[in-house]
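For the sequence shown, this note's numbering gives the first residue as 22, with consecutive numbering after it. Just so you know, even glycine gets a beta-carbon here, dropped at the ideal spot from N, CA and C. Quick caveat, the model's predicted, so the values are computed rather than measured. In what follows, a single structure is set out as structure tokens and then discussed.
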Amino acid sequence: MSSGPLPPSRHRRSWAKWVAGLLTVAVAVTMIAFSVSWLRGSSAPEEFVGSGTGEVVIVVERGDTLTRIASTLAEAGVVSSADSFINAAVVDERAATIGPGKYTLRQGMSSTEALELMLDPLSRRDSRLVLPEGLRLEQTVDAAAAATEIPKEQFLEALSSPAELGLPDWAKDRPEGFMFPATYDLAGDESAPGLLRTFVKRFNQASAEVGLEERARERGIKPYRVLIIASLLQAEVAPGDFAKAARVIYNRLDAGMPLQLDSTVSYALGISDIQLNEEQLGTTSPYNTYANKGLPPRPINSPGEAAMEAALDPAEGDWLYFVSVNPSTGETKFTADYDTFLVYKREFQQYLAEQEAAKAESDG
Numbered sequence: 022m023s024s025g026p027l028p029p030s031r032h033r034r035s036w037a038k039w040v041a042g043l044l045t046v047a048v049a050v051t052m053i054a055f056s057v058s059w060l061r062g063s064s065a066p067e068e069f070v071g072s073g074t075g076e077v078v079i080v081v082e083r084g085d086t087l088t089r090i091a092s093t094l095a096e097a098g099v100v101s102s103a104d105s106f107i108n109a110a111v112v113d114e115r116a117a118t119i120g121p122g123k124y125t126l127r128q129g130m131s132s133t134e135a136l137e138l139m140l141d142p143l144s145r146r147d148s149r150l151v152l153p154e155g156l157r158l159e160q161t162v163d164a165a166a167a168a169t170e171i172p173k174e175q176f177l178e179a180l181s182s183p184a185e186l187g188l189p190d191w192a193k194d195r196p197e198g199f200m201f202p203a204t205y206d207l208a209g210d211e212s213a214p215g216l217l218r219t220f221v222k223r224f225n226q227a228s229a230e231v232g233l234e235e236r237a238r239e240r241g242i243k244p245y246r247v248l249i250i251a252s253l254l255q256a257e258v259a260p261g262d263f264a265k266a267a268r269v270i271y272n273r274l275d276a277g278m279p280l281q282l283d284s285t286v287s288y289a290l291g292i293s294d295i296q297l298n299e300e301q302l303g304t305t306s307p308y309n310t311y312a313n314k315g316l317p318p319r320p321i322n323s324p325g326e327a328a329m330e331a332a333l334d335p336a337e338g339d340w341l342y343f344v345s346v347n348p349s350t351g352e353t354k355f356t357a358d359y360d361t362f363l364v365y366k367r368e369f370q371q372y373l374a375e376q377e378a379a380k381a382e383s384d385g
């Protein structure tokens, strides 16, 4: 057998096969690369470009997943699609810090821009509900409904089941007085029953802090009566006079005198006037402390801790009367003498006359 070179024809056939194989591989690789590129391009959601326009408020509910948040953004037109936002969020570990609340965003944003804005604390519209001291139950409901946009009817419905609000046993399912005045942060996913329970829970905390139940027992008085007295103080005088006004109330109760507090009559009438006429003072109501001796049957508002503290620890003194001679400044004068009380009352009448004259002059 010859060991010489192969015939030329066999060389050409081997070379041709090798070239053909190489071309086949190249074409296959090209087709695969094109297919991958096409698939990537077709599956990647089309993005909005830029920072968007206008303003839209997005609500993230407690427990919302990233997918749900992305869908909310897409439905509102903030981002082009839920997938585009998810793609931006999954590669940014900060996205895990997005919590419940309201966010001010824009429509037509790129997903990256939308994510950055949601992570910016300034875009959060975390609202707060401020309940000042001395609000009546109805006023509390109005304030909560306005701050949360929860229909007032839902609060009233929740109040119709007071046993579910977490009230202390001695409240006997009477919610007036237990909607504690404080500042409440709102996440945007509150319910009417949940908010009311929060108000009552805060009352229970404040009650424990001042030792309401224990100290009331030490004084030989029921905690509910202490709360009623605290509500009267909150309505009648400035905080600096709480302790002295509390002593007046206790002194008059001990002497069997009617309390004669305008605030209780105003509560019965559903008004907030500081000056009542004879007809109003003669209204028939268990809350009329001119016509009835003793305390009104329930608190007339929700008092704060300072008023509760004063009701538990009144100042020492023999005062039987007090008059807020200048409601604008809160100046209140105290006395044990009836004639001096009449002098203070005339001071108050003079204040009213001056206020009326000033109003007439400004209107003219």
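N-terminal and C-terminal residue of the beta strand (DSSP E) that residue i is part of
| i | result |
| --- | --- |
| V162 | That residue, V162, is in no beta strand (DSSP E); its alpha helix (DSSP H) goes L158 to T169. |
Counterpart residues of residue i in DSSP-defined beta bridges
| i | result |
| --- | --- |
| E352 | N347 |
| S72 | M130 |
| V99 | Bridge partners of V99: none, in fact. |
| R145 | Y124 |
| Y342 | T356 |
| I79 | Y124 |
| S306 | Answer is none; S306 lacks a bridge partner. |
Cβ pair residue i, residue j closer than 7 Å
| i | j | result |
| --- | --- | --- |
| A91 | I107 | yes |
| T310 | L290 | no |
| A251 | A328 | yes |
| L217 | A179 | yes |
| L138 | V99 | no |
| F201 | F220 | yes |
| T353 | V258 | yes |
| T133 | A109 | yes |
| G122 | V81 | yes |
| D206 | R145 | no |
| E211 | T169 | yes |
| A256 | S228 | no |
| A276 | A336 | no |
Extent of the continuous alpha helix (DSSP H) run through residue i
| i | result |
| --- | --- |
| S148 | Not the alpha helix (DSSP H): S148 falls in the beta strand (DSSP E), residues S148 to V151. |
| K173 | K173 to L180 |
| I119 | That residue, I119, is in no alpha helix (DSSP H); it is neither H nor E in DSSP. |
| S284 | D283 to L290 |
| L333 | E326 to L333 |
| L280 | Run containing L280: none; DSSP gives neither H nor E here. |
Alpha carbon of residue i to alpha carbon of residue j, nearest angstrom
| i | j | result |
| --- | --- | --- |
| S383 | T88 | 60 Å |
| V364 | E185 | 50 Å |
| D190 | D334 | 23 Å |
| F369 | G155 | 22 Å |
| K366 | G209 | 48 Å |
| G120 | L316 | 47 Å |
| R319 | S182 | 18 Å |
| K243 | I249 | 10 Å |
| V269 | E326 | 19 Å |
| A97 | V77 | 8 Å |
| Q75 | I171 | One point to set straight first is that residue 75 is Gly, not Gln, in the sequence displayed. Distance between the alpha carbons of G75 and I171: 26 Å. |
| G261 | L274 | 22 Å |
| E300 | T93 | 58 Å |
| V112 | L143 | 23 Å |
| R157 | N347 | 23 Å |
| L373 | Y271 | 29 Å |
| K380 | D85 | 54 Å |
| R240 | E114 | 58 Å |
Subject >> Minimum length 4: unbroken alpha helix (DSSP H) runs contained in the region 193-269 >> reply: 213-231, 233-240 and 244-257
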